[in-house]
Amino acid sequence: MVLLAFISTLLSLIITPIVIKYAKKLNATDKPNHRKVHTDPVPTLGGLAIYMSFLIGLVILQPISEYHLSIVVGASLMVGLGFLDDIFDLSAKLKFIVQIAAACIVVFWGGLQVEFINLPFGGQIEFGILSTIITIFWIVGITNAINFIDGLDGLAAGVSSIALFTITVMAVMMGHLYVATVALVLFFSVLGFLRYNFFPAKIFMGDTGALFLGFMISVLALLGFKNVTIVSFIIPIFILGVPISDTLIAMVRRYINKQPMSSPDSSHLHHSLVKFGMTHKQTVLFIYALSAMFSLAAILFSMTTVWGSILIFTVALVTLQALIENLELINSDYKPLTNLFKGFRQK
């Protein structure tokens with residue numbers, strides 16, 4: 027299976043240069059501005075190469091699942107949305123509506139929903155009618171989280187690759203063959219694209235790729251870990267720790283600073299690391315390492331006891347909070363952890 031899936035990497039390596047030429051002909055390029063770190067226009071639409079390589083890989087391996095057709099259709103809708111946005115710069119409202127529509131395809135047509143979670147000490151929480159809302163919220167939220175971190179060469183592709191590899195490993199551990207197969211094919215498709223997307227990038231994935239990857243990762247995470255214990259329910263949150271935390275931090279920052287939630291800014295994690303003094307490449311590699319640590323925590327999370335899980339979760343939260351305060355991701359005054367330690371020292 028691994029060797030067959032690897033064909034997607036070869037396909038991606040072949041298709042990406044073709045997409046670069048196609049994007050240039052369409053003038054689909056990402057122009058520099060005050061929020062961008064690149065100084066020259068770079069072709070977008072790189073997501074097309076990932077998408078086409080992925081589809082061919084699926085045809086070769088032919089994974090079987092009741093959800094398969096709805097997932098492919100929903101993903102294709104996301105690719106179409108991203109493609110049009112990369113060329114015509116669609117409104118945020120329209121993109122949000124189409125994202126919800128894509129999520130509804132897998133929820134209502136495919137029947138994919140988070141219906142309940144089992145509690146560690148007995149009993150379960152049933153979501154009932156909220157299961158639909160929670161599932162759609164998860165898919166749309168993760169889709170946009172991946173899109174938000176697509177701000178440096180190779181960043182979103184690399185973080186997505188780490189998440190997909192982790193999902194593959196954990197799906198194999200849990201016996202979810204379909205999830206493992208699809209995640210592996212997508213992992214290899216992104217890996218081939220990363221050859222052209224890593225610093226200095228010859229092409230960006232654009233919204234075509236970011237929306238597609240975000241959608242697929244969110245759906246695969248749900249398929250692999252739905253209807254399980256509350257401990258296992260946290261696993262996909264760990265796997266996607268970087269994009270989720272960056273998105274939540276941005277929301278808190280905008281709320282505290284009284285900025286509109288949809289307002290773009292240059293205070294995301296990758297922007298802050300560059301301001302902190304890291305080079306473009308160092309920033310990307312640092313976030314790769316952070317993503318890998320989150321993924322390792324997810325694997326350990328699935329293997330340990332409830333108390334071990336609580337310890338891992340606590341360490342992750344403290345580490346994340348320390349990073350937020352040191353990089354001033356909220357603002358320069360938001361330092362509750364630092365103030366807490368100062369209070370202990372004074373005592």
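Here my numbering is used: position 65 in the sequence shown is 91, and no number is missing along the way. No residue lacks a Cβ here, since even glycine has one placed at the ideal position from N, Cα and C.
Under the 8 Å Cβ criterion, the region 267-287 does not count as touching the region 329-337, having fewer than three qualifying pairs. Sorting Lys301, Leu295, Phe327 by C-alpha distance to the C-alpha of Ile313 places Leu295 at the top. The continuous stretches of alpha helix (DSSP H) do not include Ile155, and DSSP gives it neither H nor E. In this structure, the beta-carbon distance from Gly100 to Val211 does not fall below 7 Å. Residue range 267-282 is occupied by the alpha helix (DSSP H) that includes Pro269. Under DSSP, the beta-bridge partners assigned to Pro69 are Thr55. Of all alpha-carbon atoms in Val68, Thr364, Phe327, the one lying nearest the alpha-carbon of Thr345 is that of Thr364. Distances from the CA of Thr161 to each of Gln150, Leu181, Ala127 were compared; the closest alpha carbon is that of Ala127.
In its chain, beyond the 5 residues on either side, Phe214, Leu217, Gly218 have a beta carbon closer than 6 Å to the beta carbon of Thr35. Note on Ser186: 16 or more other CB atoms within 10 angstroms of its CB, so buried under the neighbour-count rule. In terms of Cα proximity to Asp359, the closest of Ile260, Pro69, Arg279 is Arg279. By the criterion of at least three beta-carbon pairs nearer than 8 Å, the region 348-359 is not in contact with the region 218-237.
Distance from Pro67 to Ile46 at the Cβ level is roughly 12 Å; contact not present, criterion being Cβ atoms closer than 8 Å.
Leaving aside the five residues that flank Ile113 on each side, the residues in its chain whose CB is nearer than 6 Å to its CB run, in chain order, Ala54. A Cβ-Cβ contact shorter than 7 Å links Ile86 with Leu30.
The beta carbons of Asp233 and Asp115 sit no closer together than 7 Å. Ranked by how close their Cα comes to the Cα of Ser157, the residues Val105, Met319, Glu141 have Glu141 in first place. Apart from the 5 residues on each side of it in sequence, Ser321 sits with its Cβ closer than 6 Å to the Cβ of Ile188, Thr192, Ile265 in its chain, given in chain order.
Rounded to the nearest angstrom, the gap between the Cα atoms of Ile155 and Gln139 is 10 Å. Cβ neighbours of Leu39 within its own chain (closer than 7 Å, five residues either side excluded): Gly218, Arg221. Residues of the same chain with a CB within less than 7 Å of the CB of Phe80, apart from the 5 flanking positions on each side, are Ser34, Val211, Leu212, Ser215 in chain order.
In the structure shown, the three-state DSSP call for Gln139 is coil. Rounded to the nearest angstrom, the gap between the Cα atoms of Ile275 and Phe32 is 36 Å.
With a threshold of 16 other beta carbon atoms within 10 Å, Ile159 falls short and is exposed. With respect to Leu190, Ala209 sits close: the two C-beta atoms are nearer than 7 Å.
Leaving aside the five residues that flank Phe122 on each side, none in its chain has a CB nearer than 6 Å to its CB. Residue pairing by DSSP places Gln308 in no beta bridge whatsoever. Around the Cβ of Thr42, a 10 Å sphere holds 16 or more other Cβ atoms; the residue is buried. Excluding sequence positions up to five before and after Ser271, its CB lies within less than 7 Å of the CB of Leu346, all in the same chain and listed in chain order. Per DSSP, Gly108 is one residue of the alpha helix (DSSP H) stretching across 94-114. Pairing Leu239 with Ile172 gives a Cβ-Cβ distance under 7 Å. Contact between Val268 and Ile175 holds, since their C-beta atoms are separated by about 7 Å, short of 8 Å. Within the region 196-269, the runs of alpha helix (DSSP H) at least 4 residues long that lie entirely inside it are, in chain order, 203-223, 232-251, 256-259, 261-265. By the 16-neighbour rule on beta-carbons within 10 angstroms, Met199 is exposed.
Where His296 is concerned, the enclosing alpha helix (DSSP H) starts and stops at 295-301.
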